[in-house]
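For reference, the structure discussed in these notes is given below.
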Amino acid sequence: MTDDPSRTAELVCFVRATDQKQPPDERVLDDPYAPRFLSMLTRVPFATLVGGLRDSADRLAAGIGHYVLARHRAIDDALLEALPRVEQVVLLGAGYDSRAWRFAEAIAQRPVFEVDHPATSARKARIMEGVEVPDVDRRVVTIDFRHDALEDRLGRAGFQPGAPTFFVWEGVSMYLTRAAVKGTLSGLSALGGPGSRVAMDYWYLLDTPDPIGTAHRMSGGLLHLLGEPLTFGIHPEDVGSFMGREGWTVVDVAGQDELSRRYLPPGRPMYPAVYVVVAERGQ
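Numbering-wise, the working numbering comes out as the position in the sequence shown, counting from 1, plus 143.
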């Protein structure tokens, strides 16, 4: 972990911003706040991007951009579906997430805890200073996982242990160790009461011996250049037992085919080695 704002968080935000270039009825998701968080590095390509060029770029990038959009939309839908049954929302590694504003009406007076590294949280605050946004109980929780305990930081922000909670843990697990993922899932299970849900995604290593599988296995190594290498993966066939041991029952698994069916027009590629999981904490 560095002391700089997350570069992958900005790249993910760039992908969300590109969907604003699409006609409203062709968007996977609508995030009008995303373009605000682009730096000069990403603002220039965003300004020149058009639909056909975007789709061509995504084919060259093995459909990662389309996956990011579909993942975000799938978690959006899971959140909206669960809101009537939960009392608070926690966004882990929130980055430049705008769900608190985009879904302010549905969230109503539920507190939304945005948890992230101080540098990323500070940049987000600077950018949004003075911007008119919907009224929502949004609580910024800065944390350095090298030194801080999640339950302590959340508690100081008014988190209610044992209350039904919707946790979003998006685009994070693949950068951690297996022990860290297990520890986080176990910790979330202890924090949230019965009926709590977690929506997250996992990466796994494709084992097909063909050139496409080889290319995908190599592509993960490119993230080393950003200083945030992929370190943990688990196959979707094994995720139920993996999460079950930490107190969670999987209620939905959506991989390449299912995410494409739900959210993408025909012909758009989808990165195959990642999938979205929604799981619920039992009694």
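All C-beta atoms in this analysis are idealised placements derived from N, C-alpha and C, irrespective of residue type, glycine included.
All values derive from a computational prediction rather than experimental measurement.
Would you identify the three-state DSSP class for residue i, choosing helix, strand or coil?
| i | result |
| --- | --- |
| L349 | coil |
| F302 | coil |
| R282 | strand |
| F309 | strand |
| V421 | strand |
| V232 | strand |
| R170 | coil |
| V276 | coil |
| T374 | coil |
| M413 | coil |
| L366 | Confidence at L366 is low in this model, with a pLDDT of 49, below 50, so the placement of that residue is unreliable and no value is reported for it. |
| L203 | Residue confidence is low: L203 scores 45 on pLDDT, short of 50, so the model does not pin down where it sits. No coordinate-derived value is stated. |
| A262 | helix |
| R340 | strand |
| D395 | strand |
| P175 | coil |
| Y239 | coil |
| R289 | coil |
| L297 | helix |
| S316 | helix |
| L196 | Residue placement at L196 cannot be trusted, given a pLDDT of 47 that sits under 50; the coordinates are not used to answer. |
Can you give me the start and stop residues for the alpha helix (DSSP H) that residue i sits inside?
| i | result |
| --- | --- |
| E224 | 207-225 |
| A333 | 321-334 |
| Q399 | 399-406 |
| E153 | 150-161 |
| A475 | Past the edges of the chain, shown from 144 to 426, lies residue 475, and the structure says nothing about it. |
| V382 | 382-387 |
Heavy atom of the ligand GDP less than 7 Å from the Cβ of residue i, yes or no?
| i | result |
| --- | --- |
| R404 | The ligand GDP is not among the ligands present in this structure, which contains no ligands whatsoever. |
Along the chain, where does the beta strand (DSSP E) containing residue i start, and where does it finish?
| i | result |
| --- | --- |
| F256 | 255-259 |
Just to confirm before moving on: does the CB-CB distance between residue i and residue j stay below 8 Å?
| i | j | result |
| --- | --- | --- |
| L373 | M317 | yes |
| V420 | D395 | yes |
| D162 | L212 | yes |
| D173 | A262 | no |
| G376 | Y406 | no |
| R424 | S339 | yes |
| Y345 | Y210 | no |
| R281 | A243 | yes |
| A247 | L226 | no |
| L402 | A160 | no |
| M343 | E380 | no |
| A265 | V341 | no |
Can you tell me whether residue i is buried or exposed, with buried defined as 16 or more other CB within 10 angstroms of its CB?
| i | result |
| --- | --- |
| V274 | exposed |
| H290 | exposed |
| D287 | exposed |
| P148 | buried |
| G208 | buried |
| Q231 | buried |
| P412 | buried |
| R299 | exposed |
| V258 | buried |
At a Cβ threshold of 8 Å, is residue i touching chain B?
| i | result |
| --- | --- |
| G410 | In the displayed structure, chain B is absent; only one protein chain is listed. |
Under 8 Å, with one C-beta from each stretch per pair, do the region 381-392 and the region 314-330 reach the 3-pair mark? Cβ pair count under 8 Å is three or more, so yes.
Would the region 283-297 count as touching the region 174-182 if we require 3 or more Cβ pairs under 8 Å? With a cut-off of 8 Å, the region 174-182 and the region 283-297 do not count as touching, because too few Cβ pairs lie within range.
Are the region 152-167 and the region 268-280 touching, with three or more C-beta to C-beta distances below 8 Å? Because the criterion of three Cβ pairs below 8 Å is not met, the region 152-167 and the region 268-280 do not touch.
I want to know whether the region 227-241 touches the region 153-168 - three or more CB-CB distances under 8 Å. Yes: the two stretches touch, three or more of their Cβ pairs being nearer than 8 Å.
So does the region 329-337 actually touch the region 249-264, counting three or more Cβ pairs closer than 8 Å? Cβ pair count under 8 Å is below three, so no.
When you compare the region 393-411 with the region 303-310, are there three or more beta-carbon pairs, one atom per stretch, that lie closer than 8 Å? No, because fewer than three Cβ pairs between the region 393-411 and the region 303-310 fall closer than 8 Å, the two stretches do not touch.
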